[in-house]
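In this note's numbering, the protein residues as written are 28 to 278.
Idealized CB from N, CA, C, for every residue including glycine.
These figures come from a predicted structure and were not determined experimentally.
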């Protein structure tokens, strides 16, 4: 009987992302056959796996994924030590639901939440390079030279960073990144002398915010997930319509 890493099994069960599952194991919250688990441990289908004493059923429920228009003021941790509102407060109570990646407290826009740990890994690991697109309002309006600097790359404390594409907008710009380091857009625009006053994410991969309102959420279907993970398969005319919709609403 083949086995798999415990953290992967927990992610596949929708408990949390793999990174969060690793933290749960290290904190001693997980047991395997009544014994406190260790990180990297291999398990099989016959093992009794429990989190905080509750049995984990790998195939107990279908995977569910949602798109949320995250409001400003909400944090993207599942729990916050300061008691601030978190994005799960805006969602139905679904076991294992967790945010995919981060969108900082002062930012708004498209945030994905899922019970599928493998999807979380696919969307957050740098090697997959899923694009993230933002509308930024800034202090001062960036000129053409500044836009080119963002394309060429700027030096940040955690290494160089550059945009995949940029285009001007009223009181700011649109910017697309291939990665999602912490507060990256804000830090890049600070570096070129145009601090962000408002930041909104309107696309992840091939999934667009479209006409969603602040605080609204919807469950993704198979087509949405295909668009999300395979933007190259979106017909050009459909992509153009989505972009024009974003420009009309936020340009």
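Contact annotation: residue 167 and residue 221 have beta-carbon atoms nearer than 8 Å. Taking 8 Å as the cut-off, the Cβ atoms of residue 174 and residue 203 do not count as close. Around the CB of residue 169, 16 or more other CB atoms lie within 10 Å, so the residue is classed as buried. With a threshold of 16 other beta carbon atoms within 10 Å, residue 209 falls short and is exposed.
Scanning its chain for C-beta atoms nearer than 6 Å, with the 5 sequence neighbours on each side dropped, one finds around residue 196 the residues 278, in chain order.
When the Cα atoms are used, residue 50 and residue 268 turn out to be separated by approximately 42 Å. Residues 56 of the same chain have their beta carbon placed closer than 7 Å to that of residue 79, with the five preceding and five following residues left out of the count.
Collapsing the DSSP output to three states places residue 258 in a helix.
Short of 7 Å from the beta carbon of residue 95, and not among the five residues preceding or following it, lie these beta carbons of its own chain, in chain order: 114, 117, 118, 138, 140, 244. Residue 267 carries a helical assignment under DSSP once its states are collapsed to helix, strand and coil. Taking residue 82 as the centre and dropping the five residues before and after it, the same chain places the C-beta of 75, 76 closer than 8 Å to its C-beta, in chain order.
Residue 126 is bridged by DSSP to 140. Approximately 6 Å separates the beta-carbon atoms of residue 130 and residue 228; this is inside 8 Å, confirming the contact.
Here the alpha carbons of residue 241 and residue 97 stand approximately 6 Å from one another.
For residue 227, DSSP records a beta bridge to 135, 162.
Beta-bridge annotation (DSSP): residue 235 is paired with 230. Residue 64 is a Cβ neighbour of residue 33, given a cutoff of 8 Å. Ranked by how close their Cα comes to the Cα of residue 48, the residues 224, 270, 68, 159 have 68 in first place. If the five residues before and after residue 45 are omitted, its C-beta is found closer than 7 Å to the C-beta atoms of 34, 35, 38, 144, 148, all from its own chain and listed in chain order.
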